[in-house]
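Whatever position you read off the sequence shown (first residue = 1), add 22 for our numbering.
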Amino acid sequence: MKQRLCTGLISPSDYLISLLDSIGIWYEEIDFKKDLSKNYSVIILEKVNLNSSQQTKVNDFLRNNGSLLEISTKPYFYSDELTKSYSKTIFNNNSESGFNRVAPIDIYSHWASAKSSSTLSGLVGFQKTENSNYQNVCFLGLDINSLPKATSYTRKRFYSPSGLFPDEIVNKVSRDSLSDLIELCIKKLLYARNLPFIKKWTSPKPEPVFGFRVDSDFGSKKSLDSIYNLLSDFGIKATWFLHVQAHENYLEHLKTFGEQELALHGYNHGYSGSIAKIQENIRTGLSVLESSGIHPSGFCAPYGIWNFGLQEVLSEFNFNYTSEFTSGYDSVPFVVPKSTNLQIPIHPICTGSMNRKGYSSDQMKEYFLSVYERKKSFYKPIFFYHHPMQKGLDIFGDIFKKVQADGLTNLTFNEYASFWKKRQDQQISIYSEGQKIFIESNDLELYLYISNTNNEFDLVSSKTQVLEKSVYSTFKYDTPSLPSNSEIEQIHQNRFQLYKTNILDWRNRQRL
Numbered sequence: 023m024k025q026r027l028c029t030g031l032i033s034p035s036d037y038l039i040s041l042l043d044s045i046g047i048w049y050e051e052i053d054f055k056k057d058l059s060k061n062y063s064v065i066i067l068e069k070v071n072l073n074s075s076q077q078t079k080v081n082d083f084l085r086n087n088g089s090l091l092e093i094s095t096k097p098y099f100y101s102d103e104l105t106k107s108y109s110k111t112i113f114n115n116n117s118e119s120g121f122n123r124v125a126p127i128d129i130y131s132h133w134a135s136a137k138s139s140s141t142l143s144g145l146v147g148f149q150k151t152e153n154s155n156y157q158n159v160c161f162l163g164l165d166i167n168s169l170p171k172a173t174s175y176t177r178k179r180f181y182s183p184s185g186l187f188p189d190e191i192v193n194k195v196s197r198d199s200l201s202d203l204i205e206l207c208i209k210k211l212l213y214a215r216n217l218p219f220i221k222k223w224t225s226p227k228p229e230p231v232f233g234f235r236v237d238s239d240f241g242s243k244k245s246l247d248s249i250y251n252l253l254s255d256f257g258i259k260a261t262w263f264l265h266v267q268a269h270e271n272y273l274e275h276l277k278t279f280g281e282q283e284l285a286l287h288g289y290n291h292g293y294s295g296s297i298a299k300i301q302e303n304i305r306t307g308l309s310v311l312e313s314s315g316i317h318p319s320g321f322c323a324p325y326g327i328w329n330f331g332l333q334e335v336l337s338e339f340n341f342n343y344t345s346e347f348t349s350g351y352d353s354v355p356f357v358v359p360k361s362t363n364l365q366i367p368i369h370p371i372c373t374g375s376m377n378r379k380g381y382s383s384d385q386m387k388e389y390f391l392s393v394y395e396r397k398k399s400f401y402k403p404i405f406f407y408h409h410p411m412q413k414g415l416d417i418f419g420d421i422f423k424k425v426q427a428d429g430l431t432n433l434t435f436n437e438y439a440s441f442w443k444k445r446q447d448q449q450i451s452i453y454s455e456g457q458k459i460f461i462e463s464n465d466l467e468l469y470l471y472i473s474n475t476n477n478e479f480d481l482v483s484s485k486t487q488v489l490e491k492s493v494y495s496t497f498k499y500d501t502p503s504l505p506s507n508s509e510i511e512q513i514h515q516n517r518f519q520l521y522k523t524n525i526l527d528w529r530n531r532q533r534l
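Structure (structure tokens):
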């Protein structure tokens, strides 16, 4: 029998859809009129009440070797003693292959832990149903749609080898870790059935993406030239988010920056929750840029703050993407739930954050290289940023050397957004029969990720083809180098200092 390698969803939340789109798996909402066993390799069930007929069909699916991921604090099919609590962060003590790569997850929410599981403090559990030869039910003790939204942010510290932990305001949820966890749960369910895990790759080439962003806040012509000269020396394309008012007298000069993308940061560099003020700031900035022949494809808000006013205003403009780390950070691109806005997240720490902690130049370099190596070892996109009036520009020369030596795929934000939208539009169908995998796709230029272990994977063309089942081992994950739990606990100590920083930051923040 041909088995569709499709994930079936039962009344999925917007948040779950956003996560699965970022992961890149083939999914569809379940049609209970179909044969569930033939049409779905895994079913994902959130906090949904099933009627008796649906419950019977899911039970039959499980008896016929189907697999279920139940994401809920009140699971129906997963049976274990649960403890419910509220946590800001869930720590990872798991040494199991794959799961040991998941960084601690910030959730700022209620969750449930399974007594019989040690995976992420019981957040994840696996068990067998009656007559099953393998663990075919996975429990993930979250109500995803109740997690803090894109507008919910807080100040967090970030691990540093120096022991000096820089901080920034970012979204409350560790979206990247949450995506990793959901992916690993699906993988384990599939591997137990001798089925591969397949998803859309996150880069237009086999090599992961590297991007660099310049927020031009109050920068002088000389400071902008210094950044451009360094980028040119290493052949790095970057995206410049222009504080238009600060450069209004020399926009023609910025147009001479070859291989660079010019985007919008606003006419004024100021924050507001007012729809009218945000509209005016964007419209004025666009008008001035367009009168100089600059047509920006992207936008990022001053101070990286995403709010309801900005979400409403951006729906009026035709930007290809936006980039605010209070909506999401350190992850692959995603569409903000209940919007059409494509976010391109970045690593939110800049040299200014380090200057405030008294970093030396060598310590800055060590920090960025450690983030770079960790992301590269997990084959994740790497996006850094810089401000022209801050110290520490020279340390990025060492980063750019690494990008060249490692052959990463250097893209501007708009290039990555264009690729990502093409990825979103890609339709794939995947079937398993015997020792063969059948792939059908409407886009022949993209890559698919395929794996049957947690430590290695292959990349294959998405063209229609037949693959033999084998061990997919061309690419191997490095041994995780995540901070220890004791180091993570240090990061979470003395939150009073973060509150003081928040007050100072709020006072110094310019308003529109």
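Note that the Cβ used here is the ideal one computed from N, Cα and C, for glycine as well.
Of the residues S463, H409, K398, N342, which one's Cα is nearest the Cα of S375?
Numbered from 1 along the sequence shown, position 353 holds the residue referred to as residue 375. Ranked by how close their Cα comes to the Cα of S375, the residues S463, H409, K398, N342 have H409 in first place.
Give me whichever residues DSSP pairs with Q487 in a beta bridge.
Stepping through the sequence shown from its first residue, residue 487 is reached at position 465. Answer is I461, bridged to Q487.
At the level of alpha carbons, what is the spacing between S337 and V358?
Stepping through the sequence shown from its first residue, residue 337 is reached at position 315. Stepping through the sequence shown from its first residue, residue 358 is reached at position 336. Cα to Cα, S337 sits roughly 12 Å from V358.
Return helix, strand or coil for L90, following the three-state DSSP convention.
Taking the first residue of the sequence shown as position 1, residue 90 is located at position 68. The answer is strand: DSSP assigns L90 an E or B state.
When we look at the beta-carbon of N474 and count the other beta-carbons within 10 Å, is it buried (16 or more) or exposed?
Start at 1 with the first residue of the sequence shown, and residue 474 comes out as number 452. Its Cβ being crowded by 16 or more others within 10 Å, N474 is buried.
Can you list, in chain order, the residues of its chain with a C-beta nearer than 8 Å to that of L84? Leave out the 5 residues immediately preceding and following it.
Residue 84 sits at position 62 when you count from the first residue of the sequence shown. So the qualifying residues of the chain are L90, F99, T151, S154, N158, V159.
Give the list of continuous beta strand (DSSP E) stretches no shorter than 3 residues that lie fully inside the region 116-170.
The qualifying runs are 127-136, 146-149, 159-162.
According to DSSP, simplified to helix, strand and coil, what is Q448?
Here residue 448 refers to the residue found at position 426 of the sequence shown. Note: Q448 maps to coil in three-state DSSP.
What's the call for P230, buried or exposed, on a 16-neighbour Cβ count within 10 Å?
Taking the first residue of the sequence shown as 1, we reach residue 230 at position 208. With 16 or more other Cβ atoms within 10 Å, it is buried.
If contacts are defined as beta-carbon pairs under 8 Å, then G292 and R533 qualify, I think. What distance do you get, rounded to the angstrom?
Locating residue 292 in the sequence shown gives position 270, where the first residue counts as 1. Locating residue 533 in the sequence shown gives position 511, where the first residue counts as 1. With a Cβ gap of about 5 Å, G292 and R533 count as contacting.
With H, G and I counted as helix, E and B as strand and the rest as coil, what does DSSP make of L200?
As a first step, residue 200 is located in the sequence shown; it is residue number 178 there, counting from the start. Helix.
Quick one: Cα of K178 to Cα of L211, how far?
Locating residue 178 in the sequence shown gives position 156, counting from the first residue. Locating residue 211 in the sequence shown gives position 189, counting from the first residue. The straight-line gap separating the alpha-carbon atoms of K178 and L211 is approximately 33 Å.
I need the straight-line Cα distance from S131 to L415, nearest angstrom please.
The residue given as residue 131 occupies position 109 in the sequence shown. The residue given as residue 415 occupies position 393 in the sequence shown. Near 38 Å, if we compare the C-alpha coordinates of L415 and S131.
Let me check one thing: in DSSP terms, what residues is A172 bridge-paired to?
Counted from its first residue, the sequence shown places residue 172 at position 150. Beta-bridge pairing by DSSP links A172 to no other residue.
Measure the alpha-carbon distance for Y250 versus Q457 and round it to whole angstroms.
Reading the sequence shown from its first residue, position 228 is the one you call residue 250. Reading the sequence shown from its first residue, position 435 is the one you call residue 457. Between Y250 and Q457, the C-alpha separation is close to 53 Å.
Would you kindly check if the distance between the Cβ of F390 and the Cβ of F400 is under 8 Å?
Here residue 400 corresponds to residue number 378 of the sequence shown, with the count starting at 1. Here residue 390 corresponds to residue number 368 of the sequence shown, with the count starting at 1. In this structure, F390 does not lie closer than 8 Å to F400 by Cβ.
The beta strand (DSSP E) enclosing F287, as first and last residue numbers
Counted from its first residue, the sequence shown places residue 287 at position 265. With the sequence shown as reference, residue 287 is identified as His, and Phe is not the correct amino acid for it. Counting along the chain, the beta strand (DSSP E) containing H287 begins and ends at 283-288.
Mapping DSSP to helix, strand and coil, what is K299?
Along the sequence shown, read from residue 1 onward, the residue named residue 299 stands at position 277. Three-state result, K299: helix.
Within a Cβ cutoff of 6 Å, which residues of the same chain sit near V146, ignoring the five residues on either side of it in sequence?
Taking the first residue of the sequence shown as position 1, residue 146 is located at position 124. Once the five neighbours on either side are set aside, the close Cβ partners of V146 are L162.
For S483 and K398, what's the separation of their Cα atoms in angstroms?
Here residue 483 refers to the residue found at position 461 when the sequence shown is read from its first residue. Here residue 398 refers to the residue found at position 376 when the sequence shown is read from its first residue. One C-alpha to the other measures close to 22 Å.
Thinking C-beta only, is F232 closer than 8 Å to N432?
On the sequence shown, residue 432 is found 410 positions in, with the first residue counted as 1. On the sequence shown, residue 232 is found 210 positions in, with the first residue counted as 1. Yes, the Cβ-Cβ distance between N432 and F232 is below 8 Å.
Need the endpoints of the beta strand (DSSP E) that S399 sits in, please.
Your numbering for residue 399 matches position 377 in the sequence shown. Per DSSP, S399 belongs to no beta strand (DSSP E); it is in the alpha helix (DSSP H), 383-399.
Got a sec: is the Cβ-Cβ distance from I39 to anything in chain B below 8 Å?
Absence of chain B from the displayed structure is noted, only one protein chain being present.
What residues are listed by DSSP as bridge partners for Y407?
In the sequence shown, counting from the first residue as 1, residue 407 sits at position 385. Partner(s): R235.
Three-state class that DSSP yields for W262 in the structure shown:
Position 240 of the sequence shown, counting from 1, holds the residue named residue 262. Of the three classes helix, strand and coil, the one that applies to W262 here is strand, per DSSP.
List, from N- to C-terminal side, the alpha helix (DSSP H) runs of 4 residues or more that fit wholly inside the region 357-385.
The DSSP assignment places complete alpha helix (DSSP H) segments of no fewer than 4 residues inside the region 357-385 at 373-377, in order along the chain.
Start and end residues, alpha helix (DSSP H) containing S337
In the sequence shown, residue 337 corresponds to position 315, counting from 1. Membership of S337 in any alpha helix (DSSP H) is not indicated, and neither H nor E is assigned to it by DSSP.
So R235 and A260 are supposed to be a Cβ contact under 8 Å. How far apart are they, rounded?
Within the sequence shown, the letter at position 213 stands for residue 235. Within the sequence shown, the letter at position 238 stands for residue 260. The C-beta distance from R235 to A260 rounds to 7 Å, short enough to fall under 8 Å.
Tell me where the alpha helix (DSSP H) around G419 begins and ends.
As a working note, residue 419 is residue 397 in the sequence shown. Where G419 is concerned, the enclosing alpha helix (DSSP H) stretches over 418-428.
T29 by DSSP, collapsed to three states: which one?
Numbered from its first residue, the sequence shown carries residue 29 at position 7. In the structure shown, T29 sits in a strand (DSSP, three-state: E or B).
Do P355 and Q371 count as a contact pair if the criterion is CB distance below 8 Å?
Here residue 371 refers to the residue found at position 349 when the sequence shown is read from its first residue. Here residue 355 refers to the residue found at position 333 when the sequence shown is read from its first residue. Here residue 371 is Ile; the residue named in the question, Gln, does not match the sequence. No, the pair does not count as a contact, with Cβ atoms beyond the cut-off.
Does the beta-carbon of R531 have 16 or more other beta-carbons within 10 angstroms, so that it is buried, or is it exposed?
For the purposes of this step, residue 531 is taken as residue 509 along the sequence shown, with counting starting at 1. Per the 10 Å Cβ criterion, exposed.
Taking N73 as part of the alpha helix (DSSP H), name the residues at either end of that continuous run.
For this step, residue 73 is matched to residue 51 along the sequence shown. First-last for N73: undefined, no H or E at that position.
For I45, which of helix, strand or coil comes out of DSSP?
In the sequence shown, counting from the first residue as 1, residue 45 sits at position 23. If DSSP states are grouped into helix, strand and coil, I45 belongs with the helices.
Supposed contact pair S63 and L27 - C-beta distance, whole angstroms, cut 8 Å
Numbered from 1 along the sequence shown, position 5 holds the residue referred to as residue 27. Numbered from 1 along the sequence shown, position 41 holds the residue referred to as residue 63. About 5 Å separates the two Cβ atoms, so the contact holds.
Quick one: give me the first and last residue of the alpha helix (DSSP H) that N193 is part of.
Counted from its first residue, the sequence shown places residue 193 at position 171. Run containing N193: none in the alpha helix (DSSP H); it sits in the beta strand (DSSP E), 189-193.
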